[in-house]
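Notes follow once the structure below has been shown.
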Amino acid sequence: MLVYTKADLLERNGKRRKKAMKISFASSVMGCEKLKAGTEALLEEMKQIPENLEVRVEFNENPQLTAKRVGNRVQITCKESAHYYRGLNQVLHHLDTDTYENQETVYFERNGFMLDCSRNAVFTVEKVKSVIRTLAKMGMNVLMLYTEDTYEVPGEPYFGSYRGHYTKAEIQEMDAYASMFGIELVPCIQTLAHLHNALKWPGKNEIKDSTDVLIVGKEETYVFIEKLLLSVKDSFTTRRVHLGMDEAVLLGLGKYLRENGYEKGSVLVREHCKRVLAICKKLGLEPMIWSDMYITANTNGGYYEVPADADCSSWEKPEKGLGLVYWDYYHDDEKSYEKMLNIHKQLSNDVIFAGGSWIWNGIAPNYSKTFACTKAALQTCKKYQMKEVFCTAWMDNGAETPVDAVWPGVALFAHLGFHLEYDEKVLEEEFKECVGGNLKDFMALDAFDSLFLNGKANQEAQNPSKYLLYQDPLAGIFDREVVMSGVDTGAYYEKLKEQMAACQENSSAYAALFAYYEKLAAVLADKADLGVRMKAAYDKNQLQDLKKICEKEIPETIQNLEEMKVLREDLWMSEAKPFGYELMNVKLGAVITRLNSTIRRTKKYLDGSIPCLEELEETRLPYFEKNADKREN
Numbered sequence: 000m001l002v003y004t005k006a007d008l009l010e011r012n013g014k015r016r017k018k019a020m021k022i023s024f025a026s027s028v029m030g031c032e033k034l035k036a037g038t039e040a041l042l043e044e045m046k047q048i049p050e051n052l053e054v055r056v057e058f059n060e061n062p063q064l065t066a067k068r069v070g071n072r073v074q075i076t077c078k079e080s081a082h083y084y085r086g087l088n089q090v091l092h093h094l095d096t097d098t099y100e101n102q103e104t105v106y107f108e109r110n111g112f113m114l115d116c117s118r119n120a121v122f123t124v125e126k127v128k129s130v131i132r133t134l135a136k137m138g139m140n141v142l143m144l145y146t147e148d149t150y151e152v153p154g155e156p157y158f159g160s161y162r163g164h165y166t167k168a169e170i171q172e173m174d175a176y177a178s179m180f181g182i183e184l185v186p187c188i189q190t191l192a193h194l195h196n197a198l199k200w201p202g203k204n205e206i207k208d209s210t211d212v213l214i215v216g217k218e219e220t221y222v223f224i225e226k227l228l229l230s231v232k233d234s235f236t237t238r239r240v241h242l243g244m245d246e247a248v249l250l251g252l253g254k255y256l257r258e259n260g261y262e263k264g265s266v267l268v269r270e271h272c273k274r275v276l277a278i279c280k281k282l283g284l285e286p287m288i289w290s291d292m293y294i295t296a297n298t299n300g301g302y303y304e305v306p307a308d309a310d311c312s313s314w315e316k317p318e319k320g321l322g323l324v325y326w327d328y329y330h331d332d333e334k335s336y337e338k339m340l341n342i343h344k345q346l347s348n349d350v351i352f353a354g355g356s357w358i359w360n361g362i363a364p365n366y367s368k369t370f371a372c373t374k375a376a377l378q379t380c381k382k383y384q385m386k387e388v389f390c391t392a393w394m395d396n397g398a399e400t401p402v403d404a405v406w407p408g409v410a411l412f413a414h415l416g417f418h419l420e421y422d423e424k425v426l427e428e429e430f431k432e433c434v435g436g437n438l439k440d441f442m443a444l445d446a447f448d449s450l451f452l453n454g455k456a457n458q459e460a461q462n463p464s465k466y467l468l469y470q471d472p473l474a475g476i477f478d479r480e481v482v483m484s485g486v487d488t489g490a491y492y493e494k495l496k497e498q499m500a501a502c503q504e505n506s507s508a509y510a511a512l513f514a515y516y517e518k519l520a521a522v523l524a525d526k527a528d529l530g531v532r533m534k535a536a537y538d539k540n541q542l543q544d545l546k547k548i549c550e551k552e553i554p555e556t557i558q559n560l561e562e563m564k565v566l567r568e569d570l571w572m573s574e575a576k577p578f579g580y581e582l583m584n585v586k587l588g589a590v591i592t593r594l595n596s597t598i599r600r601t602k603k604y605l606d607g608s609i610p611c612l613e614e615l616e617e618t619r620l621p622y623f624e625k626n627a628d629k630r631e632n
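In numbering that gives the first Met the number 0, the protein residues as written are 0 to 632.
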């Protein structure tokens with residue numbers, strides 16, 4: 000029997016107690032020291048440290064997790080250590096009764112989360128460790144680290160320069176920490192496209208096909224890729240690696256076309272994969288790639304536009320040993336997933352599913368779409384007995400949404416990984432126990448982009464909180480949308496501001512997050528229809544109204560924006576390296592600059608220095624076509 004004493008932990012907290020928590024393992028258990036260390040790390044987060052508990056852990060091959068406590072004796076039976084931490088977390092949150100028992104079925108062998116560290120925000124080692132602890136409480140066993148150029152590569156000084164890239168030592172530290180919780184830290188890199196930041200530097204013209212795509216077939220390209228893979232092999236414990244290779248829409252259409260003539264994309268993908276797989280085999284790596292290029296290059300159509308009865312027997316297919324990752328964040332019906340999984344099964348015996356938590360839609364997350372798509376996707380994955388799924392969290396457009404907004408989507412992946420059906424009340428409890436916040440508070444963030452939906456779910460991924468924040472008040476490009484909606488935007492966001500203030504109380508661990516959104520709501524309450532009100536006053540020659548807007552309302556909006564900008568900066572610096580924030584700073588600063596310019600120009604009009612405001616003379620036209628996508632990037 001191994002005994003884990005909490006004496007050191009209790010001493011650090013200034014609480015000396017004689018009792019200890021005992022953890023014993025079945026004789027066959029490997030890695031006991033890691034389990035003890037991981038257990039201590041989780042206990043450090045507990046406000047009330049349990050004592051006098053005896054925890055026995057037994058691992059077997061059954062896909063069940065059982066956590067049981069009678070008095071001070073706890074028995075956790077599961078398949079792997081990641082599931083042990085889920086069971087332990089459940090027990091530690093149910094110490095207020097004499098007995099507790101919970102049994103769950105594990106539906107996926109691997110259930111993970113991909114953290115995007117390439118869209119300006121490279122999260123600190125401590126933040127990644129915090130993410131790992133939360134995933135452990137959820138029972139998730141994979142963390143994919145998406146790094147296009149944000150990792151150190153020996154011999155490539157420009158690779159990740161000025162971007163806050165991870166050093167080898169930092170990756171090894173995160174890798175060891177994840178391993179302590181039974182979580183596999185998987186490198187996700189790019190070896191074909193999405194390499195704009197790497198290819199823009201001196202010395203890369205020889206391997207560049209177009210702006211962000213590597214040229215296929217050149218020896219220099221594969222020398223470069225081998226450097227990337229050697230760095231990955233030296234930094235990560237796992238032998239699995241995600242090679243990317245998605246969305247190479249200009250593949251073979253740049254320098255390759257000029258030097259070699261036209262070649263079908265499907266042939267280029269096949270040849271490139273063959274070369275990169277050979278490198279992986281030499282280095283002992285087990286690769287996977289996004290699947291879209293294999294589908295679009297074969298069909299010359301859209302990723303999801305393949306007919307349901309498509310016969311893929313004549314397609315260019317990946318070699319054996321290459322995993323295909325089917326990514327889909329868009330469909331809320333199981334038939335769409337069934338079609339795509341059937342197609343993928345024709346292409347490979349090693350298919351992984353990737354869904355998403357929509358934090359890339361703009362300033363605020365879109366949970367209604369996240370939940371609708373995830374529930375349909377994972378129910379289908381269970382039907383098809385998929386072995387691995389993971390939740391992406393892309394940080395498009397410079398990580399505008401704070402990363403902690405991701406948790407409802409990730410928690411849903413974990414929930415559906417251990418439950419056959421979705422249960423809202425159970426998920427709320429799991430969210431509180433694992434994330435430390437109130438799920439309903441987080442879900443309230445969905446309202447920022449539901450402005451024009453009259454209570455309906457935001458399946459269109461509209462993002463008015465973004466475009467109404469950024470739009471120029473004098474140009475008023477989106478003003479017609481506000482007028483046509485008939486929504487009182489001021490009252491809408493004022494109510495949301497009050498709700499965000501309450502969320503800070505309810506979910507105090509995330510008070511900084513909700514304080515930022517409270518200030519965003521305050522800004523939008525004044526700014527969303529600012530251009531509409533200015534033009535109306537201008538058209539009617541209501542000069543006093545224009546003067547009031549100019550002298551009182553806009554300065555208040557600027558003050559709120561200044562405070563909001565500081566709150567966003569504080570959030571960023573608390574969770575990510577400073578590199579990349581300058582772009583967020585510039586964007587918000589530009590809004591303030593234009594508001595100040597609006598004041599000056601309006602005052603000149605009011606005092607007669609200029610005869611008119613030409614911007615307000617323009618007729619406001621609809622921005623979005625009828626039935627068009629109303630998401631503005």
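Every residue, glycine too, gets a C-beta built ideally from N, C-alpha and C.
Counting C-beta pairs with one atom in each stretch, the region 493 to 504 and the region 576 to 589 have fewer than three that are closer than 8 Å, which means they do not touch. The alpha carbon of Glu39 has as its nearest neighbour, out of Gln74, Val69 and Leu87, the alpha carbon of Leu87.
Only buried fits Ile351, as 16 or more other CB atoms lie within 10 angstroms of its CB. In the DSSP annotation of this structure, the continuous segment of the beta strand (DSSP E) that includes Lys67 starts and ends at Gln63 to Val69.
Excluding the 5 residues flanking it on each side, Pro317 has same chain C-beta neighbours closer than 7 Å at Cys272, Tyr293, Leu323, Leu346 and Ser347, in chain order. Beta-bridge analysis with DSSP links Asp422 to no other residue. In this structure, the CA atom of Asn505 is about 10 Å from the CA atom of Gly435. Nearest Cα to Arg132 within the set Ser312, Glu459 and Ala36: Ala36.
The beta-bridge partner set that DSSP reports for His241 consists of Cys187 and Met287. In summary, Ala514 is buried, with 16 or more beta-carbon neighbours lying within 10 Å of its beta-carbon over all protein chains present. The DSSP-derived three-state label of Cys372 is helix. In the assembly as shown, Gln470 is a buried residue. Its beta-carbon has 16 or more other beta-carbons within 10 Å. Here Ser234 is actually not in contact with Lys280; their C-beta atoms are around 19 Å apart, not less than 8 Å.
Rounded to the nearest whole angstrom, the CA to CA distance from Cys31 to Glu387 is 26 Å.
Taking Asn365 as reference, the option from Asn396, Met385 and Ala456 with the minimal CA-CA separation is Ala456.
Going by DSSP, Lys546 is part of the alpha helix (DSSP H) stretching over Leu542 to Lys547. Using a Cβ distance threshold of 7 Å, Ser464 and Phe447 count as a contacting pair. Considered as a whole, the region 496 to 535 harbours 510 to 526 as its complete alpha helix (DSSP H) runs of no fewer than 4 residues, in chain order. Residue pairing from DSSP places Ser209 in a beta bridge opposite Val212.
Straight-line spacing of the CA atoms in Ala81 and Thr149 works out to 27 Å. Residue pairing of Leu323 in beta bridges, as defined by DSSP: Ile288 and Val350.
For Tyr161, there is no enclosing alpha helix (DSSP H), as DSSP marks it with neither H nor E. With respect to the 7 Å criterion, Val141 and Pro186 are not classified as neighbours on the basis of their beta carbons.
Met533 places its beta carbon less than 7 Å from that of Ile548. Residues of the same chain with a CB within less than 6 Å of the CB of Tyr383, apart from the 5 flanking positions on each side, are Leu340 in chain order. In this structure, Met583 keeps its C-beta atom at 7 Å or more from the C-beta atom of Gly300. One alpha carbon belongs to Ala501, the other to Pro401, and they sit about 19 Å apart. Counting along the chain, Leu94 sits inside no beta strand (DSSP E), nor does DSSP assign it H or E at all. Gly361 and Asn462 do touch by the CB rule: their CB atoms are close to 4 Å apart, below 8 Å. Residue pairing of Cys390 in beta bridges, as defined by DSSP: Phe112 and Gly354. Contact between the region 473 to 482 and the region 413 to 432 is absent, with fewer than three C-beta pairs closer than 8 Å. For Gln558, the enclosing alpha helix (DSSP H) stretches over residues Ile553 to Glu574. Met143 carries a strand assignment under DSSP once its states are collapsed to helix, strand and coil.
About 6 Å separates the beta carbons of Met244 and Thr190, which is inside the 8 Å limit, making them a contact pair. Taking C-beta atoms under 8 Å as the contact rule, Val305 and Ser356 fail to qualify, at a distance of about 26 Å.
Per DSSP, Val482 lies in no beta strand (DSSP E) segment; the continuous alpha helix (DSSP H) that holds it begins and ends at Asp478 to Ser484.
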